[in-house]
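Peer 1: This note's numbering puts the sequence shown at residues 7 to 555. Built from N, CA and C at the ideal position, the CB exists for glycine as well.
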Amino acid sequence: MTGRTAEAATRPADQPVEQAADLAAAHTLLSCYLREIAAPAGEAATAGGVVQIRLRHLGLTLSCRLARVSPILAHRYDGPIRCRPTADTTARGPAAGPATAPADTPVDGAQLARLLAAELTGRTGLTNDEFVEQVLGSRDALAMLLRQRPSDDPAPTGDRAVDTYVDSEQSLVYGHPHHPSPKWRSGDPGSWRRYAPELRSTFRLSWLAVPAELVAGDGPFDELIAPLDPPAAPAGHRLLPVHPWQLSLVPPADPRLRRLGPAGVPVRPTASVRTLYAPAADLFLKTSLHVRITNCLRKNARYELTGAVALTRFLATVPLPAQIGLLAEPGYRSVDLPGPDEAYGTILRTGVREHLRPGETVVLAAALAAAPLTVPDPFDWWRAYVDLLVPTVLRLWLRHGVVHEAHLQNVLVVLDPGGRPVRLLLRDLEGLKLDTGRLSGWPDRVPRQAAYTTAQAARRVTYCLFVNHLAGLAGALADGHPGTEARLWLDVRQAVEATYGQLGEPAELTPLLDGTPLATKANLLVRWHRAPDQRAPYVAVPNPLGGGR
């Protein structure tokens, strides 16, 4: 269900790497444009297994075959994208001239990116000289990853559960299916190839020795890092593990920070790139990394460091079902200096082994959604999964005010020896928020950046749980078992209805059951407007749960 299986399911064996990468980039870009712009504007139609999208400012129509039609617009695309003049429309605006195309012509990823950039300019009145470059940079990075990805893990531990887990974290070769440049990273690929999870990389942490008076931190940091086999700290100093890529990007400006070089047990980069897993220590390190990956510069702000530990303490007071675990973040350490030297904050996160029983394995949910998912009984598997995920996320929010961003990269799935989901592990407290309307008081030391209004919480839960997570996994199951998607969404509705009743029919769930369109984050528009991720716009997509109670 992960690793080579995911890659092979996406790229036919006889398809050249460059062609596969270009087609994947084009399909992903078209998917973004459909969901964020064409569908909300009423400029998309699907008939006979073909989607058609009108570019009204250019007087053109794009079309592509669909391998699977999704009720939530998370389609799976098949074959080349084609372009023709729109028969009944005259192009308007200055962007129309250079973007014309002959009748029914295939367009590659570069042509599509330029067409959509011209259309977006006409729609918004803005230009973005980074956009096409980022789309094509992502495509080229994908081609490099497909060429260079080892067929097998070059550094297995021999522990089946751990190796299966690491494989799932490092299997997301194609990346986010609804982001215009999912594999774009700032910097030349030569600077980050050795740290790429998709290349099954392994390396050692770099270490800084920080004078004790310059250390900022919380939690039992030294105790937690002891299994990493760190180097000896000079007298009067404390150890700080750092991503080696970060040290090459932001060398220490203060001579009091002593570089001790690479040392310790091997670490594996996870799907987030900057979070590293040490199998020998069963410990995660969420490092600061001054690199833009998809939308954000991936550095740990001070409030995120302090918030991780404070939220861990608060969540210890929140009851979780027996089938749900939390990867806690009990410690952080940073350098208490202004400017670039603040770039080395590291958060420690507890591991996965304590959550596993004999014969069980754990995988990243995003890896399950990355390729057709084939299981003996898709409906039994799905009901088990939905009954774990949906009540947990909704109860945490509506009963305890905890808004967990349950998107596909924030949930680990524990599978029994038969491959059936039996438990879930929630992770990453950076995105966790607290609904101020549902708390009796603000928890001690939790930064105010973690506050959400109830309206913000509702939007974020809707997007992460239903549009990102369940839509992605339902699509993978439907790809593995064609014709099942409508019934899968019926099972989701039943889980929401049951939770709705158990929680006393909260008004926040009424729109879900009444068929109100769902909110989805608009990653294409974020990139086009060059906006920070915190100000990302949301658009509406169809609600696959049906309507009427």
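1. Taking its Cβ as the centre, do 16 or more other Cβ atoms sit within 10 Å of Leu303, making it buried, or is it exposed?
2. Might you give, ordered along the chain, the residues of its own chain that have their beta carbon closer than 7 Å to the beta carbon of His184, omitting 5 neighbours on each side?
3. Consult DSSP for Ser174 and reduce its assignment to one of helix, strand or coil.
4. When the Cα of Arg536 is compared with those of Arg153, Glu204, Thr300, Trp251, which residue comes out closest?
5. With three or more beta-carbon pairs closer than 8 Å as the criterion, would you say the region 387-394 touches the region 181-200?
6. Could you give the residue range of the beta strand (DSSP E) that holds Val341?
7. For the candidate residues Gly478, Ile78, Ala167, whose alpha-carbon lies nearest to that of His361?
8. Starting from the N-terminal side, write out each stretch of the beta strand (DSSP E) that is 3 residues or longer and does not extend beyond the region 475-529.
9. Cutting at 7 Å between CB atoms, please list the residues of its own chain near Thr459, excluding the five before and the five after it.
10. Can you give the beta carbon distance from Leu343 to Asp260, rounded, assuming they're within the 8 Å contact cut?
11. Please give me, in chain order, every unbroken run of the alpha helix (DSSP H) with length at least 4 that falls completely inside the region 274-362.
12. Which residues bound the alpha helix (DSSP H) around Asp2?
13. Would you say His184 touches the ligand MN, meaning its beta carbon is less than 7 Å from a heavy atom?
14. Near Glu24, what residues of its chain come up, given a Cβ to Cβ distance below 8 Å and the 5 sequence neighbours on each side ignored?
15. I'd like the list of long-range same chain contacts for Gly270, defined as Cβ closer than 7 Å, with 5 residues on each side in sequence excluded.
16. Taking Gln415 as the reference, give the member of Pro538, Gly65, Ser174 with the closest Cα.
17. Hey, out of Pro512, Val341, Gly481, whose CA is closest to Pro217's CA?
18. Just mark Thr281 as buried or exposed, buried being the case when its beta carbon has 16 or more other beta carbons within 10 Å.
19. In this structure, how does DSSP classify Leu142 when only helix, strand and coil are distinguished?
20. Quick check on the DSSP output: the alpha helix (DSSP H) that includes Phe209 runs from which residue to which?
21. Mapping DSSP to helix, strand and coil, what is Ala50?
22. At 3 residues or longer, and completely inside the region 355-414: list those beta strand (DSSP E) runs for me, N to C.
23. Would you call the region 396-413 in contact with the region 461-481, where contact means no fewer than 3 C-beta pairs closer than 8 Å?
24. If you draw a straight line from the alpha carbon of Arg355 to that of Asp383, how long is it in whole angstroms?
25. Quick one: Cα of Arg60 to Cα of Leu68, how far?
26. Once the 5 residues before and after Gly331 are set aside, which same chain residues still bring their CB inside 6 Å of it?
27. Only counting the same chain, and skipping five residues up and downstream in sequence, which positions put a Cβ closer than 6 Å to that of Asp110?
28. According to DSSP, is Leu246 helix, strand or coil?
29. Name the two residues that bound the continuous beta strand (DSSP E) containing Cys89.
30. Which residue's Cα is closest to the Cα of Leu587: Arg82, Pro77, His249, Ile43?
31. Can we say the region 443-453 touches the region 310-323, given the rule of at least three CB pairs closer than 8 Å?
32. On the DSSP bridge list, what partners appear for Gln58?
33. Tell whether a beta-carbon distance below 8 Å holds between Leu79 and Pro548.
34. Are Arg262 and Leu311 closer than 8 Å when you measure CB to CB?
35. Near Leu122, what residues of its chain come up, given a Cβ to Cβ distance below 7 Å and the 5 sequence neighbours on each side ignored?
36. Using the C-alpha atoms, what's the distance from Ala116 back to Ala97?
Peer 2: This is what the structure gives:
1. Flag for Leu303 reads exposed.
2. So the list reads Ser37, Cys38, Arg41, Asn529, once near-sequence residues are dropped.
3. Of the three classes helix, strand and coil, the one that applies to Ser174 here is helix, per DSSP.
4. Distances from the alpha-carbon of Arg536 to those of Arg153, Glu204, Thr300, Trp251 put Thr300 closest.
5. No, because fewer than three Cβ pairs between the region 387-394 and the region 181-200 fall closer than 8 Å, the two stretches do not touch.
6. 337-341 is the span of the beta strand (DSSP E), which, as asked, contains Val341.
7. For His361, the closest alpha carbon among the candidates Gly478, Ile78, Ala167 is that of Ala167.
8. The region 475-529 contains these whole beta strand (DSSP E) runs: 524-527.
9. These residues qualify, in order along the chain: Thr442, Gly443.
10. That belief holds up - the Cβ atoms of Leu343 and Asp260 are roughly 6 Å apart, short of 8 Å.
11. Within the region 274-362, the complete alpha helix (DSSP H) runs of at least 4 residues are 308-321.
12. With the chain running from 7 to 555 in the structure shown, residue 2 is simply not present.
13. The model on display carries no ligand, and the ligand MN is accordingly not part of it.
14. Exclusion of the five residues before and after Glu24 leaves Ala149 as the residues of its chain whose Cβ lies within less than 8 Å of its Cβ.
15. The residues are Arg210, Leu211, Leu234, Asp235, Pro236.
16. Closest option to Gln415, judged by alpha-carbon separation, among Pro538, Gly65, Ser174: Ser174.
17. Of the listed residues, the one whose Cα sits closest to Pro217 is Val341.
18. With a 10 Å radius around the Cβ and a threshold of 16 neighbouring Cβ atoms, Thr281 comes out buried.
19. In the structure shown, Leu142 sits in a helix (DSSP, three-state: H, G or I).
20. DSSP places Phe209 in no alpha helix (DSSP H) but in the uninterrupted beta strand (DSSP E) bounded by 209-217.
21. Here Ala50 carries a strand assignment [DSSP, helix/strand/coil].
22. Those beta strand (DSSP E) runs which fall completely within the region 355-414 and span 3+ residues are 367-370.
23. A contact exists between the region 396-413 and the region 461-481.
24. The straight-line gap from Cα to Cα measures roughly 35 Å.
25. Looking at the two C-alpha atoms, the distance is approximately 6 Å.
26. The answer, listed in chain order, is His361, Leu431.
27. Excluding sequence neighbours, Asp110 sits near Arg88, Arg90.
28. Correct three-state label for Leu246: strand.
29. Note, Cys89: beta strand (DSSP E), 82-91.
30. Given that the chain is displayed from residue 7 to residue 555, the structure contains no residue 587 and the question cannot be resolved.
31. Between the region 443-453 and the region 310-323, the count of C-beta pairs closer than 8 Å reaches three or more; the two stretches touch.
32. DSSP links Gln58 through a beta bridge to Ala51, Ser69.
33. Cβ distance < 8 Å, so Leu79 and Pro548 count as in contact.
34. In this structure, Arg262 keeps its C-beta atom at 8 Å or more from the C-beta atom of Leu311.
35. Once the five neighbours on either side are set aside, the close Cβ partners of Leu122 are Leu35, Tyr39.
36. For Ala97, the predicted structure reports a pLDDT of 44, less than 50, and the residue's modelled location is therefore unreliable. A value from the coordinates is still provided. The C-alpha of Ala97 lies about 21 Å from the C-alpha of Ala116.
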